[in-house]
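Peer 1:
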Amino acid sequence: MNTDTDTVFGIVYIPPEYTSYASWDAFSQIENEFLDLSSRYKFVSLVGDFNGRTASEKDFLILDSHDPSNNFSDLIENSVSILDFLDIPRERKNRDIGKNRYGSLLLDFCKGNNCFILNGRINGDKEGKLTCRNASVVDYCISNVNFINRFCTLEVVDFSKLFSDVHCPLSISVYATNVDGCEVPDYIEESAERIRKWDSDKLIEFQQNINQGKIKDLLYNLKKPRVDVNVNIHVEKLCEIFIESAKATFGISHSKNGKTRQKSFMNKPWFNRECKFARQNYRKFRRKF
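Converting from the sequence shown to this note's numbering requires adding 725 to each position, the first position being numbered 1.
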């Protein structure tokens, strides 16, 4: 690749769950290696057999800008908008609908380290083909956010005993030079409107700003004897009512030109390797309890 830095592919094998070789610390060990590599190289990818089934669950965090309890949204790095910029779908396709504990750990790893699973997302495997015994997806290609725009295709090759006893090989191609217009930008288009933070002193005002007419209409519709009631629709309507009240009570803020610079405390001088390991240990203990 035509870059001013080396590109690193880490080859992964994690023994299956509930075998004599299984280790619940495997993902922590991989994370240690990943953090070390990320501190020295810009382009890092992990490829191999993770023995984790993830279904189609999200491998990224979405912060609700309307959530008044979320006081740290400005500090949390969230690069999912880069997928939108590169026209890569947020939602992964996966023919394997199953999920296991290793899959949950893999998703947590991606969320915590700003990585994305490429299976079921990019050209060559947009349908999320099965990779093991024609029954599950446990072999993945994972990319950090800096590298994702360099991937050209990911293909799940037909099974062959020459390569494995039960696994299909993954074939990966990357661009030798950067694709015009696909450089990850410093600025990503985001919503320009945002509700200001919750203020307990304005509780009464918030209650008074709730549209009672819409509440009554919502209750009336819920009491109708219908069997096709979609609860999610009513929940969304209730949320909209509260959001309208929050806007009227606390006000809204706007970012300049509707653009927000990506928040990346991971690249700040004070967020060193010790901070990264402290965050990793916090997540590990949180999963245990």
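Virtual Cβ for every residue (Gly too), placed ideally from N, Cα, C. Fair warning: this is a prediction, and the values are worked out from it, not measured in the lab.
If you count every other CB in all the chains shown that lies within 10 Å of the CB of S898, and 16 or more means buried, which is it?
Peer 2: By 1-based counting over the sequence shown, the position of residue 898 is 173. That one is exposed.
Peer 1: For L786, count neighbouring Cβ atoms within 10 angstroms of its own Cβ and tell me buried if that reaches 16, exposed if not.
Peer 2: Within the sequence shown, residue 786 is the residue found at index 61, counting from 1. Its Cβ having fewer than 16 others within 10 Å, L786 is exposed.
Peer 1: Leaving out five residues on either side along the sequence, give the residues of the same chain with a beta carbon under 7 angstroms from the beta carbon of H892.
Peer 2: Within the sequence shown, numbered from 1, the residue matching residue 892 stands at position 167. Excluding positions up to five away in sequence, the list reads D774, T856, C857 and D864.
Peer 1: Specify the secondary structure class of R919 as computed by DSSP and reduced to three states.
Peer 2: Residue numbering aside, residue 919 sits at position 194 when the sequence shown is read from its first letter. Three-state DSSP puts R919 in a strand.
Peer 1: Quick one: which unbroken alpha helix (DSSP H) runs of 4-plus residues sit fully inside the region 727–781? Chain order, please.
Peer 2: 751–765
Peer 1: Tell me, to the nearest whole angstrom, how far the beta carbon of K870 is from that of I807; I am working on the premise that it is less than 8 angstroms.
Peer 2: As a first step, residue 870 must be located in the sequence shown, where it is residue number 145. As a first step, residue 807 must be located in the sequence shown, where it is residue number 82. Looking at the sequence shown, residue 870 is not Lys but Val. Right, the Cβ-Cβ distance comes to about 6 angstroms (below 8 angstroms), so this counts as a contact.
Peer 1: Out of E756, L943, P741 and D883, state which residue places its alpha-carbon closest to the alpha-carbon of N825.
Peer 2: Counting from 1 along the sequence shown, the entry for residue 825 is found at position 100. The shortest Cα separation from N825 among E756, L943, P741 and D883 belongs to P741.
Peer 1: Using the three-state DSSP reduction, which class does E852 fall into: helix, strand or coil?
Peer 2: Mapped onto the sequence shown, residue 852 falls at position 127. Coil at E852, not helix or strand.
Peer 1: Give the secondary structure of D911 by DSSP, where H, G and I count as helix, E and B as strand, and everything else as coil.
Peer 2: Residue 911 sits at position 186 when you count from the first residue of the sequence shown. Note that D911 scores a pLDDT of 47, beneath 50, so its modelled location is shaky; the value from the coordinates is reported in the next line. Three-state result, D911: coil.
Peer 1: Following the continuous beta strand (DSSP E) through Y865, name the residue where it begins and the one where it ends.
Peer 2: As a working note, residue 865 is residue 140 in the sequence shown. Y865 -> beta strand (DSSP E) spans D864 to N869.
Peer 1: Using 8 angstroms as the threshold, is the C-beta distance between G735 and E758 below it?
Peer 2: Taking the sequence shown and counting its residues from 1, one reaches residue 735 at position 10. Taking the sequence shown and counting its residues from 1, one reaches residue 758 at position 33. Yes, the pair counts as a contact, with Cβ atoms nearer than the cut-off.
Peer 1: So, with DSSP's three-state summary, where would you put V899?
Peer 2: Taking the sequence shown and counting its residues from 1, the one referred to as residue 899 is at position 174. In the structure shown, V899 sits in a strand (DSSP, three-state: E or B).
Peer 1: Whether or not the region 834–848 and the region 874–889 are in contact is what I'm after, with contact meaning three or more pairs of Cβ atoms, one per stretch, closer than 8 angstroms; do they touch?
Peer 2: yes
Peer 1: Who are H725's beta bridge partners in DSSP?
Peer 2: A question about residue 725 goes unanswered here, because the residues of the chain that appear run from 726 up to 1014.
Peer 1: Rounded to the nearest angstrom, what separates K922 and F975 at their Cα positions?
Peer 2: The residue given as residue 922 occupies position 197 in the sequence shown. The residue given as residue 975 occupies position 250 in the sequence shown. About 7 angstroms.
Peer 1: Does K886 get closer than 8 angstroms to chain B when you measure Cβ to Cβ?
Peer 2: Looking at the structure shown, chain B is missing, and only one protein chain is on hand.
Peer 1: Nearest by alpha-carbon distance to K818: which of D809, I842, D731 and E969 is it?
Peer 2: Residue 818 sits at position 93 when you count from the first residue of the sequence shown. Minimum Cα distance to K818 is reached at I842.
Peer 1: Could you check how far apart the C-beta atoms of R778 and D833 are, in whole angstroms? I think they sit under 8 angstroms.
Peer 2: What you label residue 778 is simply residue 53 of the sequence shown in a count that begins at 1. What you label residue 833 is simply residue 108 of the sequence shown in a count that begins at 1. Contact doesn't hold; Cβ gap of about 14 angstroms is too wide.
Peer 1: Using a Cβ-Cβ cutoff of less than 8 angstroms, which residues in the same chain neighbour N936 once the five nearest sequence positions on both sides are dropped?
Peer 2: As a first step, residue 936 must be located in the sequence shown, where it is residue number 211. Excluding positions up to five away in sequence, the list reads I966, E969 and S970.
Peer 1: DSSP three-state label for S978, please.
Peer 2: Sequence index remark: in the sequence shown, residue 978 carries index 253 (1-based). Here S978 sits in strand by DSSP.
Peer 1: Among the residues of its own chain, which have a CB less than 7 angstroms from the CB of N934, if the five just before and after it don't count?
Peer 2: Along the sequence shown, one-based indexing puts residue 934 at 209. Excluding its 5 nearest sequence neighbours in each direction, N934 has C-beta neighbours in its own chain below 7 angstroms: S970, A973 and T974, listed in chain order.
Peer 1: Contact check, S770 vs C866 under 8 angstroms by CB: the rounded distance?
Peer 2: As a first step, residue 770 is located in the sequence shown; it is residue number 45 there, counting from the start. As a first step, residue 866 is located in the sequence shown; it is residue number 141 there, counting from the start. Between C866 and S770 the Cβ distance is about 7 angstroms, and since that is below 8 angstroms, they are a contact.
Peer 1: Could you pull out every residue in the same chain whose Cβ sits closer than 7 angstroms to the Cβ of N982, ignoring the five residues on either side in sequence?
Peer 2: Counted from its first residue, the sequence shown places residue 982 at position 257. Low confidence applies to N982: its pLDDT is 46, below 50, so where it sits in the model is not reliable, and the reading given next is rough at best. Closer than 7 angstroms at the Cβ level, and outside the excluded window around N982, lies no residue.
Peer 1: Once the 5 residues before and after S763 are set aside, which same chain residues still bring their CB inside 7 angstroms of it?
Peer 2: Working through the sequence shown from its first residue, we reach residue 763 at position 38. Correct list, in chain order: V769 and N869.
Peer 1: Under a three-way DSSP split, which group does K949 fall into?
Peer 2: Translated into the one-based positions of the sequence shown, residue 949 becomes position 224. K949: coil per DSSP, three-state reduction.
Peer 1: May I ask you to report which of helix, strand or coil DSSP gives K824?
Peer 2: By 1-based counting over the sequence shown, the position of residue 824 is 99. K824 falls in the strand class under three-state DSSP.
Peer 1: According to the neighbour-count rule (16 or more other Cβ atoms, all chains shown, within 10 Å of its Cβ), is N838 buried or exposed?
Peer 2: Residue mapping note: residue 838 aligns to position 113 of the sequence shown, counting from 1. N838 comes out buried.
Peer 1: I need the straight-line Cα distance from I690 to D924, nearest angstrom please.
Peer 2: Beyond the ends of the chain as shown, which are 726 and 1014, falls residue 690; an answer cannot be given.
Peer 1: How should A751 be labelled, buried or exposed, when 16 other C-beta atoms within 10 angstroms of its C-beta is the threshold for buried?
Peer 2: Position 26 of the sequence shown, counted from the first residue, corresponds to residue 751. Answer is buried; the Cβ neighbour count reaches 16.
Peer 1: Relative to the C-alpha of Y743, which residue among Y827, D883 and V960 is closest?
Peer 2: Within the sequence shown, residue 743 is the residue found at index 18, counting from 1. Nearest of Y827, D883 and V960 to Y743, Cα basis: Y827.
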